[in-house]
Structures are given as C-alpha cells and as structure tokens.
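Student: At position 329 of the sequence shown the residue is numbered 430 (the numbering used here), and the sequence of numbers has no breaks.
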Amino acid sequence: MLLKSEGDVTVAGNVDEALREVALSTPDVVLLDLVMPGRSGLELLQEFADRGLRAPIIVLTATNTVSAAVEAMKRGAADFVTKPFELEALKLKVRDKLEKRELEDEVERLRDEIEERQQLGAIVGRSEAMRDVFRTIERIAKAEATVLVTGESGTGKELVARAIHDHSPRAEKPFIAVNCGAIPSELIESELFGHEKGAFTGASERRAGRFEAADGGTLFLDEIGELGQAVQVKLLRALQERTFERVGSSQSITVDVRIVTATNRDLAEEVKNGNFREDLYYRVAVVPLSLPPLRDRREDIRLLAQHFLERLGPDRKLTPAALGSLEGYGWPGNVRELENAIEYSLAMAEGETIDREDLPPAIGHSGQAEALREQWRQGERGFEETVNRFETDILREALAANGWNQTKTASAIGITRRVLKLKMDKLGIEESG
Ligand SMILES: Nc1ncnc2c1ncn2[C@@H]1O[C@H](COP(=O)(O)OP(=O)(O)OP(=O)(O)O)[C@@H](O)[C@H]1O
Ligand SMILES: [Mg+2]
102 MLLKSEGDVT
112 VAGNVDEALR
122 EVALSTPDVV
132 LLDLVMPGRS
142 GLELLQEFAD
152 RGLRAPIIVL
162 TATNTVSAAV
172 EAMKRGAADF
182 VTKPFELEAL
192 KLKVRDKLEK
202 RELEDEVERL
212 RDEIEERQQL
222 GAIVGRSEAM
232 RDVFRTIERI
242 AKAEATVLVT
252 GESGTGKELV
262 ARAIHDHSPR
272 AEKPFIAVNC
282 GAIPSELIES
292 ELFGHEKGAF
302 TGASERRAGR
312 FEAADGGTLF
322 LDEIGELGQA
332 VQVKLLRALQ
342 ERTFERVGSS
352 QSITVDVRIV
362 TATNRDLAEE
372 VKNGNFREDL
382 YYRVAVVPLS
392 LPPLRDRRED
402 IRLLAQHFLE
412 RLGPDRKLTP
422 AALGSLEGYG
432 WPGNVRELEN
442 AIEYSLAMAE
452 GETIDREDLP
462 PAIGHSGQAE
472 ALREQWRQGE
482 RGFEETVNRF
492 ETDILREALA
502 ANGWNQTKTA
512 SAIGITRRVL
522 KLKMDKLGIE
532 ESG
C-alpha cells in the first residue's frame with residue numbers, strides 16, 4: 102500500500118508465486134521477507150541469482166534475525182531493513198535503489214553508445230532493442246536457469262542460443278542443438294534420451310541421446326512447441342530431476358546440462374489451448390528472451406545488409422535506391438529473408454553495384470517512398486523532383502485502385518476531379534499499367 106504511489110506493485114505470498122511473477126515481468130526493485138510459508142527468502146535469493154535477475158533486493162527482517170540479514174547480503178541482497186521500521190525510511194530506501202538502478206542502466210546504455218556496439222558474437226544489430234538483447238544475453242549467460250527464446254521465424258533465435266552458450270562458463274563444453282520439429286514423434290524420445298540395443302525395431306546398437314552428448318555443456322531444444330504430449334512428460338521429468346533413462350533401460354542417468362529452448366509459437370497460448378503442459382512451460386520459460394521482428398528495428402537493416410554483403414560478395418555495393426527499398430520493405434521472413442535477398446541480388450547484379458532492379462521483385466517494388474527519400478538524402482535528386490515522384494506514386498496507386506476512373510479516384514482521395522486532371526497533366530500520368 103505504501104508503495105502504490107511510486108509505481109506498480111505486485112505481491113507474491115511465497116517463493117513459487119514470486120518466481121512466476123518475475124517470469125511475467127521484470128521488477129525494478131524487490132522487497133523480500135525472509136520468513137514465508139514454504140521455501141525461505143534465502144532460497145529465493147538463490148533462484149534470482151540463477152536467473153540473472155538484476156533487480157536490487159531489500160530484505161525485511163526482524164531485529165532478532167539480523168544474522169539472517171547478513172547471510173542475505175552475502176547472497177546478493179542489496180540492503181536490509183529491520184522490523185519494525187518507519188514507513189518513510191523504507192520508502193526512501195526503495196527510491197534510492199530505484200535511482201541507482203536507473204543510473205546503472207543509463208551508464209550501460211551510454212557505454213554501448215560510445216563503443217558504438219553493433220555486434221555480439223555473430224549477432225549484428227545497433228537498434229536499442231538489439232542492444233538490449235545483447236545485454237540480456239551477457240547477463241543470463243552466466244546464470245544456469247533455463248532460457249526460452251521467442252520470436253518470429255528468421256529473427257535469429259538459434260544465433261542467440263549459441264551466443265548464450267559462448268558467453269557462459271560452459272563455452273568450452275559441447276553445444277548440442279536438437280530441432281524438435283524435424284524429428285518424427287516416435288523417434289524423439291530416443292533422440293533425446295538414447296536407447297538400448299533392441300529397444301525397438303531398428304535399434305541395432307545402444308546409443309547415447311542428446312542429453313548425454315551435451316553433458317557439461319548446453320542443450321538447445323529448438324521448436325519446443327512442436328513436442329508431443331508423451332515426450333513433454335518425459336522432458337519435464339528430465340528438467341526437474343536432471344535424470345532420465347534410455348529407451349529400453351531402467352537405469353537412471355544423471356547429466357549436468359544447461360537448457361536453452363526456442364519457439365516461434367506463442368507458448369502461453371499453446372498452454373491455454375491444451376497443447377503444451379503448463380508445468381513444462383514454467384520449467385522452460387524461467388528466463389524469457391524475445392527477439393523483435395526486423396520491421397520493428399529498421400535501424401538494423403542497413404547494417405545487416407552490409408554485414409551479409411561483406412560475407413557473400415565483399416567487393417559489391419548497394420545503391421542508395423536499393424538500400425531505400427530494403428529499409429522500406431516489411432520483412433515477413435525477417436533477417437533470414439534479408440540474407441536471402443542479398444544472396445539473390447548478388448547473383449542478379451551484373452556489375453559492381455547492386456541496384457533496386459537486382460533485388461527480389463517483391464522487395465524492389467516496395468518501399469518506393471523510402472527509396473525516393475534515400476536518394477533525396479544522398480543528393481541524387483532535387484526537392485521538386487522528389488516531391489513530384491512521391492505525388493506520382495501515390496496518385497498512380499489511387500488511380501489503379503479505382504480502375505483509372507478519375508471521378509471515383511478524386512472523390513476517394515478527397516480532391517476535385519479538375520485538380521486531379523491538372524496534376525495528372527503536370528506529372529505526365531496516364532494509364533499504362
Ligand atoms: N542479428 C543477426 N545478425 C546476423 N545474422 C542474423 C541475425 N539474425 C539472424 N541472422 C541470420 O539469419 C538466419 C536465420 O537466423 P536463425 O536461424 O537464428 O533464426 P530463427 O529465429 O532460429 O528462425 P526459425 O524460427 O525459422 O528457425 C541465419 O542465417 C542467421 O545467421
Ligand atoms: Mg531456428
């Protein structure tokens with residue numbers, strides 16, 4: 102109640118509730134009572150550390166348990182307050198932590214800006230959204246908690262999974278990727294957990310599964326939303342207890358693996374629809390990391406295009422018009438589509454430069470406006486001509502949409518037929534397809 106005036110306040114009655122809350126939204130500051138029903142506050146501190154959560158934690162403690170507060174500080178609590186406390190004093194501490202946290206964020210952002218950070222491992226990007234992703238990767242790489250990477254197809258989920266491994270203390274150990282969507286459901290269990298000789302038709306040799314192969318390292322379960330119900334149960338147990346059995350064996354195997362998962366489905370929605378187990382969802386979505394679609398971070402397009410060009414055709418250049426088209430396009434296939442478009446245009450272009458005509462048609466024809474703007478910025482076209490071209494483009498579009506009927510077009514765009522005719526004459530617009 103005291104803090105409602107300062108911002109959104111969420112209350113959790115025990116450790117598990119708190120963990121669910123932080124999976125849904127990251128708090129800026131946490132007030133933690135050490136004595137709660139069930140698991141203690143000290144355990145929650147550990148869970149937070151495993152998740153790489155940075156929110157400062159203020160521990161509330163009774164005067165006779167100050168030693169517990171000291172223990173809490175050792176485990177990463179930012180501060181403590183002894184009960185009974187003055188409401189104003191608590192408010193001040195919370196404010197102080199919030200300010201400190203904001204300052205730290207600002208320092209990180211400025212550092213990234215000064216360093217003009219544009220890359221983390223193989224991941225390229227300079228948008229604020231991607232820099233945020235970089236910082237999150239670095240932070241959670243050191244933690245052990247299971248990560249769920251989400252994002253539309255082609256946004257770089259697999260790259261991110263690898264980057265998490267590469268920045269973790271497990272980097273020297275194996276990174277094993279399993280595409281759950283590409284393995285037939287009757288084989289997935291033995292793929293993950295292995296099988297004994299003769300466990301099923303075709304199992305002519307004993308074989309270790311991917312969990313064992315990843316021992317000491319990271320197991321990346323891609324397209325986890327595609328897993329069938331039967332395997333979901335087995336996976337849940339493996340995640341909970343870190344033990345499992347090979348198919349056809351009763352001997353338990355224990356491994357030490359960090360799990361990273363990815364999906365382009367809305368897993369929470371799949372849970373609601375009954376396609377994905379809720380308990381498994383909470384196991385895999387401990388640390389959620391979502392990748393923004395490319396259309397929401399257009400600042401990255403030019404950088405990515407140049408990145409792929411350097412890799413695929415180092416001595417070739419994009420014209421401003423081509424760049425404009427790339428920046429104006431909607432990219433339903435995200436970065437993968439951009440990579441393919443560059444590859445395509447390298448094959449199409451004859452000389453040193455890649456022009457708009459060399460791009461895949463859907464892309465070359467889009468973003469006319471952006472392309473025009475780019476040419477204007479580069480001084481390739483004057484103001485008058487740029488504006489005329491804009492006008493021509495949108496008038497043609499409106500005319501085409503109205504079957505080149507001038508009266509209909511004029512009323513659709515809210516000008517008189519006479520003005521439309523004058524503009525068409527001036528700009529030399531006539532029906533030509
Ligand atoms: N930020 C980025 N910087 C450089 N390359 C990228 C970036 N994002 C994606 N790519 C490249 O785009 C392609 C697709 O990336 P990735 O396979 O990681 O996507 P995904 O999200 O796993 O897609 P899907 O859901 O279809 O499996 C890869 O070739 C990858 O190298
Ligand atoms: Mg993928």
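By construction, the Cβ of each residue, glycine as well, lies at the ideal position given by its N, Cα and C atoms. Here the structure is a predicted model, which is why all the values come from computation and not from measurement.
DSSP on R359, reduced to helix/strand/coil?
Tutor: strand
Student: Going along the chain, which residues of its own chain have a beta-carbon closer than 6 Å to the beta-carbon of F487, five neighbours each way excluded?
Tutor: In the sequence under discussion, the amino acid at residue 487 is Thr, which differs from the Phe named in the question. Counting only Cβ-Cβ distances below 6 Å, and skipping sequence neighbours, we find L473, W477.
Student: How many angstroms separate the CA atom of V248 from the CA atom of A156?
Tutor: 18 Å
Student: Quick one: what's S353 bridged to in DSSP?
Tutor: E346
Student: Assuming N435 and P394 are in contact, meaning their beta carbons sit under 8 Å apart, how far apart are those beta carbons, in whole angstroms?
Tutor: Contact holds; Cβ gap of about 6 Å.
Student: Which of helix, strand or coil does DSSP assign to F312?
Tutor: helix
Student: Under the criterion of a Cβ to heavy atom distance below 6 Å, does E440 qualify as lining ligand 2?
Tutor: E440 Cβ: outside cutoff for every heavy atom of ligand 2.
Student: Which whole runs of the beta strand (DSSP E) in the region 193-227 are 3 residues long or more, in chain order?
Tutor: none
Student: Is it right to say L523 is buried, meaning 16 or more other beta carbons lie within 10 angstroms of its own, or is it exposed?
Tutor: Only exposed fits L523, as fewer than 16 other CB atoms lie within 10 angstroms of its CB.
Student: Measure how close the beta-carbons of G255 and E438 come, nearest whole angstrom, since I'm counting them as under 8 Å.
Tutor: 6 Å
Student: Out of curiosity, what's the CA-to-CA distance linking G318 and V356?
Tutor: Annotation: G318 to V356 spans about 10 Å, alpha carbon to alpha carbon.
Student: Any idea if V167 is buried or exposed, counting beta-carbon neighbours within 10 angstroms, 16 or more meaning buried?
Tutor: exposed
Student: Apart from the five residues just before and just after G282, which ones in its own chain have a Cβ nearer than 6 Å to its Cβ?
Tutor: E324, E327
Student: Kindly provide the ranges of any alpha helix (DSSP H) runs that are 4 or more residues long and lie completely inside the region 238-318, ordered along the chain.
Tutor: 258-267, 286-294, 311-314
Student: Kindly list the residues whose CB is nearer than 7 Å to the CB of T162, restricted to its own chain and excluding five residues on each side of it in sequence; keep chain order.
Tutor: L135, A169, A170, F181, T183, K184
Student: Following a CB-centred definition, is D316 positioned closer than 6 Å to any heavy atom of ligand 2?
Tutor: no
Student: Tell me whether T237 counts as near ligand 1, meaning its Cβ is closer than 6 Å to at least one heavy atom of that ligand.
Tutor: Within 6 Å of the C-beta of T237 there is not a single heavy atom belonging to ligand 1.
Student: Provide the residue(s) that pair with F181 in DSSP beta bridges, ordered along the chain.
Tutor: V160
Student: Within a Cβ cutoff of 7 Å, which residues of the same chain sit near R396, ignoring the five residues on either side of it in sequence?
Tutor: G431, W432
Student: Is there contact between the region 412-421 and the region 222-241, where contact requires at least three CB pairs shorter than 8 Å?
Tutor: The region 412-421 makes no contact with the region 222-241, as fewer than three CB pairs between them are under 8 Å.
Student: CB-CB under 7 Å to Q147, same chain, minus the five flanking residues each way: which ones, in chain order?
Tutor: R176
Student: Give me, in chain order, the residues of the same chain whose beta-carbon lies closer than 8 Å to that of R307; leave out the 5 immediate sequence neighbours on both sides.
Tutor: G295, H296, E297, K298, R347
Student: Which residue spans inside the region 367-443 form an unbroken beta strand (DSSP E) run of at least 3?
Tutor: 388-391
Student: According to DSSP, is T510 helix, strand or coil?
Tutor: helix
Student: Since L392 and G222 are thought to touch, with beta carbons under 8 Å apart, how far apart are those beta carbons, to the nearest angstrom?
Tutor: At roughly 14 Å, the Cβ-Cβ gap does not stay under 8 Å, so L392 and G222 are not in contact.
Student: Just checking my contact of R398 with S228 at CB under 8 Å: how many whole Å lie between their CB atoms?
Tutor: 4 Å
Student: Would DSSP call D134 helix, strand or coil?
Tutor: Three-state DSSP puts D134 in a strand.
Student: What's the C-alpha gap between V225 and D206?
Tutor: V225 and D206 have their C-alpha atoms roughly 21 Å apart.
Student: From M137 to I159, what distance separates their C-alpha atoms?
Tutor: Spanning the two alpha carbons is a distance of roughly 15 Å.
Student: Specify the secondary structure class of D129 as computed by DSSP and reduced to three states.
Tutor: coil
Student: State the beta-bridge partners of D538 as determined by DSSP.
Tutor: Because the chain in this structure spans residues 102 to 534, residue 538 falls outside the shown range and cannot be described.
Student: Assuming contact is defined by CB atoms lying nearer than 7 Å, are V110 and L104 in contact in what I supplied?
Tutor: yes
Student: Quick check on T364: does DSSP put it in helix, strand or coil?
Tutor: Assigned with DSSP and collapsed to three states, T364 falls in strand.
Student: Quick one: residues in its chain with C-beta nearer than 6 Å to the C-beta of E532, no 5 flanking neighbours on either side, listed in chain order?
Tutor: W505
Student: Within a Cβ cutoff of 6 Å, which residues of the same chain sit near P421, ignoring the five residues on either side of it in sequence?
Tutor: E475, Q476, Q479
Student: Sort A124, D380, M231 by Cα distance to L260 and report the nearest one.
Tutor: M231
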